[in-house]
Amino acid sequence: MFFARMPHYFFDVFLLFSVFYTSARFRTVNYLPHTGAHQAVCKRFWRAVSLAHMTSYSVVDDPATVDYKTMCCCVTTDNAYYQVPKDYFRLNVNLSRRKLLVPEPFSVPLCSSALLNLLALLEKASIVSTVAATAHTEGSGSGGSQKPQWMKDLDKRQQKFVCACLGISTWDGRNVCFYDEKMPKENDVVWVRVVQVNDTSAVVHLLEYGNQEGIIPYTEITRIRIRAIGKVIKVGRSEAAQVIRIDKEKGYIDLSKKQVTHKEAKDCEARFFKGNEVRSAVCHVADECGIPAQQAMEMIAYPLYRREPNKHAWNWLQELNQTKDVERILGPLGLDENVQKVLMSTLEHVMRTEILSICADIEMTCFQCDGVDALRDALLLGRNFKLDEEPRIPIIVTIVGPPKYRLRAKTDLKEEGIARMREAIEKMKEVIEKRGGALKLVAGPYVLGEEEEDAKEEKGEYSRKDEGDD
Numbered sequence: 001m002f003f004a005r006m007p008h009y010f011f012d013v014f015l016l017f018s019v020f021y022t023s024a025r026f027r028t029v030n031y032l033p034h035t036g037a038h039q040a041v042c043k044r045f046w047r048a049v050s051l052a053h054m055t056s057y058s059v060v061d062d063p064a065t066v067d068y069k070t071m072c073c074c075v076t077t078d079n080a081y082y083q084v085p086k087d088y089f090r091l092n093v094n095l096s097r098r099k100l101l102v103p104e105p106f107s108v109p110l111c112s113s114a115l116l117n118l119l120a121l122l123e124k125a126s127i128v129s130t131v132a133a134t135a136h137t138e139g140s141g142s143g144g145s146q147k148p149q150w151m152k153d154l155d156k157r158q159q160k161f162v163c164a165c166l167g168i169s170t171w172d173g174r175n176v177c178f179y180d181e182k183m184p185k186e187n188d189v190v191w192v193r194v195v196q197v198n199d200t201s202a203v204v205h206l207l208e209y210g211n212q213e214g215i216i217p218y219t220e221i222t223r224i225r226i227r228a229i230g231k232v233i234k235v236g237r238s239e240a241a242q243v244i245r246i247d248k249e250k251g252y253i254d255l256s257k258k259q260v261t262h263k264e265a266k267d268c269e270a271r272f273f274k275g276n277e278v279r280s281a282v283c284h285v286a287d288e289c290g291i292p293a294q295q296a297m298e299m300i301a302y303p304l305y306r307r308e309p310n311k312h313a314w315n316w317l318q319e320l321n322q323t324k325d326v327e328r329i330l331g332p333l334g335l336d337e338n339v340q341k342v343l344m345s346t347l348e349h350v351m352r353t354e355i356l357s358i359c360a361d362i363e364m365t366c367f368q369c370d371g372v373d374a375l376r377d378a379l380l381l382g383r384n385f386k387l388d389e390e391p392r393i394p395i396i397v398t399i400v401g402p403p404k405y406r407l408r409a410k411t412d413l414k415e416e417g418i419a420r421m422r423e424a425i426e427k428m429k430e431v432i433e434k435r436g437g438a439l440k441l442v443a444g445p446y447v448l449g450e451e452e453e454d455a456k457e458e459k460g461e462y463s464r465k466d467e468g469d470d
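Residue numbers (full-length UniProt numbering): 1 to 470.
Have a look at this one:
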């Protein structure tokens, strides 16, 4: 819009710069500002700039007159329509993915005065940068003392909308530790994100411990000889690293990437995703109940971590979501009824269980007179084994090619499914042996897909061993 009006005022702008250049050229600065021609040109120049500035967003009476190709139409809480460039809301994911694609007005949870203040910031961000425009809106603490008064007067829903448009994170749990310990121990394998790479080391953030800063020295990145450190470790990538030294007084943490095996990295990544899911669920409960995120972690997550040393808090919450046994799992925590209710509703959406396919390959033969009937009875026994008992895990029997058969079950309970499959195979073996036949377990029970991962893991171990020998 600014460039659309520039041809009308191009002569004024050119004349203004010509006057300033002439004043500097002939050293007549004291004279020219007092001339009427100079003052008139200045007024006309700033009028041109202000007119071009004002046309970026404005109030409209009819939403049908808005050009939805480049503009969008916002409806405030006091029923005022504003046409705004779509580029202003590019940081708001909800608007950019949904509402900006539809050529119709959409409502915003702000009044006209608050929307005008927000649009002024968004226009400034489009001219300079988002960081420069929002430098005074991000408070130095939880109180947000640096925020302007109009942002402090907004409610929680309105502040979320404003922060989403400005690209400011409002999540209180981003710097909350997963565990009760604030720092890792030596020889622990932690999940980190690389934030900076220089010639001597790589700076990382420990994602499980409140984004604390750590250092991976150049000699601890890889075992192979390299020319450029940036080819091995890249900024923004998440890696598994082992803690080798800790200075608790100064807060220095030194890590090593080359000492982590493939299995340790895989276990660390799985542990991180579980911990991240626990933190997200607990911090959402804190947000809904109006309590600090750190306090919610101390009330729910940390006691679950301490309850059994080898059991993750994610497993407790998953068991709670499946069994609904609130008294046994949440009873010792002493939570309020409202917190328990919000936690249970959150787990229904967050703890999405993964359906596993458990398989077993068998060979079964019977050369007696009633051998066909014996095989059929054994296979039917495996298919109908404990169908009425909890947890219900139906078993499907398929013929690969006599004497090979495959048993398959789909369930979200890995240990229970494998145990049920083994019991079914034992019962089938007893039945077929009583009829003069034989049953041989060829493979399994195993989870479909884990064999390929184990093969890749062994291959990675051998390749790293060869690199170390070199």
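Glycine included, each C-beta is placed from N, C-alpha and C at the ideal position.
Note that the structure is a prediction, hence the values are computed from the model and not measured.
- What residue from Leu413, Ala241 and Gly401 has the CA that sits closest to arginine 392's CA? Locating residue 392 in the sequence shown gives position 392, where the first residue counts as 1. Of the candidates Leu413, Ala241 and Gly401, the one whose C-alpha sits nearest the C-alpha of arginine 392 is Leu413.
- Closest Cα partner of serine 113 within the set Tyr305, Thr76, Gly417 and Asp87: For this step, residue 113 is matched to residue 113 along the sequence shown. Answer by Cα proximity: Thr76.
- Query: What is the DSSP secondary structure of histidine 284, counted as helix, strand or coil?
  - Reply: Numbered from 1 along the sequence shown, position 284 holds the residue referred to as residue 284. Helix.
- Are there 16 or more other CB atoms within 10 angstroms of the CB of valine 197, so buried, or fewer, so exposed? Residue 197 sits at position 197 when you count from the first residue of the sequence shown. Counting Cβ neighbours within 10 Å, valine 197 comes out buried, since at least 16 surround it.
- Are valine 232 and leucine 206 touching if we call contact CB-CB under 8 angstroms? Translated into the one-based positions of the sequence shown, residue 232 becomes position 232. Translated into the one-based positions of the sequence shown, residue 206 becomes position 206. Their beta carbons are not under 8 angstroms apart, which means valine 232 does not touch leucine 206 by this criterion.
- Item | histidine 284, buried or exposed, once every other Cβ within 10 Å from all chains shown has been counted against 16 | The sequence position of residue 284 within the sequence shown is 284, counting from 1. The residue is buried, with at least 16 neighbouring Cβ atoms inside 10 Å.
- Message: Suppose you measure from the CA of glutamate 389 to the CA of isoleucine 395; what does that come to, to the nearest Å?
- Response: On the sequence shown, residue 389 is found 389 positions in, with the first residue counted as 1. On the sequence shown, residue 395 is found 395 positions in, with the first residue counted as 1. Rounded to the nearest angstrom, the two C-alpha atoms are 13 angstroms apart.
- So who's on the other strand from glutamine 340, going by DSSP bridges? Position 340 of the sequence shown holds residue 340. Per DSSP, none; premise fails for glutamine 340.
- Residue from Tyr81, Phe367, Val235 and Val400 whose Cα sits closest to the Cα of glycine 436: To locate residue 436, count along the sequence shown from 1; it is residue 436. Comparing Cα positions, the closest option is Phe367.
- Could you check which residue in Asp325, Gly251 and Val176 has the C-alpha nearest to that of serine 280? For the purposes of this step, residue 280 is identified with residue 280 of the sequence shown, where counting begins at 1. When only C-alpha atoms are compared, the closest one is Val176.
- Message: Nearest by alpha-carbon distance to alanine 438: which of Pro445, Met428 and Tyr446 is it?
- Response: Stepping through the sequence shown from its first residue, residue 438 is reached at position 438. Ranking Pro445, Met428 and Tyr446 by Cα distance to alanine 438 puts Met428 first.
- Give me whichever residues DSSP pairs with glutamate 239 in a beta bridge. For the purposes of this step, residue 239 is taken as the residue at position 239 of the sequence shown. DSSP output for glutamate 239 lists Val192 as bridge partner(s).
- Can you tell me the Cα-Cα spacing of glutamine 322 and glutamine 340, whole angstroms? Against the sequence shown, residue 322 aligns to sequence position 322. Against the sequence shown, residue 340 aligns to sequence position 340. Using only the alpha carbons, I get a separation of about 15 angstroms.
- Among Lys99, Tyr218 and Ala378, which one has its Cα closest to the Cα of glutamate 430? By 1-based counting over the sequence shown, the position of residue 430 is 430. Among Lys99, Tyr218 and Ala378, the Cα nearest to that of glutamate 430 belongs to Ala378.
- Where does the unbroken beta strand (DSSP E) through alanine 202 begin, and where does it stop? By 1-based counting over the sequence shown, the position of residue 202 is 202. Its beta strand (DSSP E) spans residues 201-206.
- Query: Nearest to asparagine 117 by CA position, among Lys147, Thr222 and Leu91, is which residue?
  - Reply: Translated into positions along the sequence shown, residue 117 becomes position 117. Of the listed residues, the one whose Cα sits closest to asparagine 117 is Lys147.
- Is the CB-CB distance between isoleucine 224 and alanine 202 below 8 angstroms? As a working mapping, residue 224 is identified with position 224 in the sequence shown. As a working mapping, residue 202 is identified with position 202 in the sequence shown. No; because the gap between Cβ atoms is not below 8 angstroms, this pair is not in contact.
- So what does DSSP say about aspartate 377, is it helix, strand or coil? Along the sequence shown, one-based indexing puts residue 377 at 377. Residue state, collapsed to three classes: helix.
- Message: Using a 10 Å radius around the Cβ and a threshold of 16 neighbouring Cβ atoms, would you call leucine 101 buried or exposed?
- Response: As a position in the sequence shown, residue 101 is number 101, starting the count at 1. Burial call: exposed.
- Three-state secondary structure assigned by DSSP to threonine 365: On the sequence shown, residue 365 is found 365 positions in, with the first residue counted as 1. Note: threonine 365 maps to strand in three-state DSSP.
- Task: Using 10 angstroms around the beta-carbon of cysteine 369, count the other beta-carbons present and answer buried if the total reaches 16, otherwise exposed.
- Result: Here residue 369 refers to the residue found at position 369 when the sequence shown is read from its first residue. Burial call: exposed.
- Item | leucine 343 versus Lys234, Leu91, Leu320 and Ile358, residue with shortest Cα-Cα distance | If you number the sequence shown from 1, residue 343 lands on position 343. Checked all of Lys234, Leu91, Leu320 and Ile358; the closest Cα to leucine 343 is Leu320.
- Name, in chain order, the residues that DSSP records as bridge partners for tyrosine 302. The residue labelled residue 302 in the question sits at position 302 within the sequence shown. Partner(s): none; tyrosine 302 has no beta bridge.
- Message: Helix, strand or coil for serine 58? Go by DSSP, reduced to three states.
- Response: Your numbering for residue 58 matches position 58 in the sequence shown. Strand at serine 58.
- Any contact of the segment 238-250 with the segment 262-271, i.e. 3+ C-beta pairs under 8 angstroms? yes
- Message: Using 8 angstroms for Cβ pairs, my map puts proline 109 next to arginine 157. What's the rounded Cβ distance?
- Response: Here the question's residue 109 lines up with position 109 in the sequence shown. Here the question's residue 157 lines up with position 157 in the sequence shown. Indeed, because the Cβ distance is near 5 angstroms, the residues count as touching under 8 angstroms.
- Give me whichever residues DSSP pairs with serine 357 in a beta bridge. Your numbering for residue 357 matches position 357 in the sequence shown. The partner list for serine 357 (beta bridge, DSSP) reads Lys410.
- So what does DSSP say about alanine 438, is it helix, strand or coil? Looking up residue 438 in the sequence shown gives position 438. If DSSP states are grouped into helix, strand and coil, alanine 438 belongs with the strands.
- How about threonine 411 and isoleucine 358: do their beta carbons lie closer than 8 angstroms? Numbered from its first residue, the sequence shown carries residue 411 at position 411. Numbered from its first residue, the sequence shown carries residue 358 at position 358. Cβ distance < 8 angstroms, so threonine 411 and isoleucine 358 count as in contact.
- Task: Kindly indicate which three-state DSSP category aspartate 254 falls into: helix, strand or coil?
- Result: The residue given as residue 254 occupies position 254 in the sequence shown. Reduced to three states, the DSSP call for aspartate 254 is strand.
- Message: Can you check which of these residues, Tyr405, Leu387, Thr346 and Arg383, is closest to threonine 365 by C-alpha distance?
- Response: Residue 365 sits at position 365 when you count from the first residue of the sequence shown. Selected option, being the one with the closest Cα: Tyr405.
- Taking the CB atoms as reference points, tell me whether lysine 440 and isoleucine 362 lie closer together than 8 angstroms. As a working mapping, residue 440 is identified with position 440 in the sequence shown. As a working mapping, residue 362 is identified with position 362 in the sequence shown. Result yes, Cβ atoms of lysine 440 and isoleucine 362 sit closer than 8 angstroms.
- Message: Less than 8 angstroms between the C-beta atoms of arginine 306 and aspartate 188, yes or no?
- Response: Here the question's residue 306 lines up with position 306 in the sequence shown. Here the question's residue 188 lines up with position 188 in the sequence shown. No, the Cβ-Cβ distance between arginine 306 and aspartate 188 is not below 8 angstroms.
- Query: Should valine 278 and leucine 317 be called a contact, given that it needs their Cβ atoms to be closer than 8 angstroms?
  - Reply: Position 278 of the sequence shown, counting from 1, holds the residue named residue 278. Position 317 of the sequence shown, counting from 1, holds the residue named residue 317. Yes. Within cutoff.
- Task: Check valine 102 in the structure and name its three-state DSSP category.
- Result: On the sequence shown, residue 102 is found 102 positions in, with the first residue counted as 1. It is coil, neither helix nor strand.
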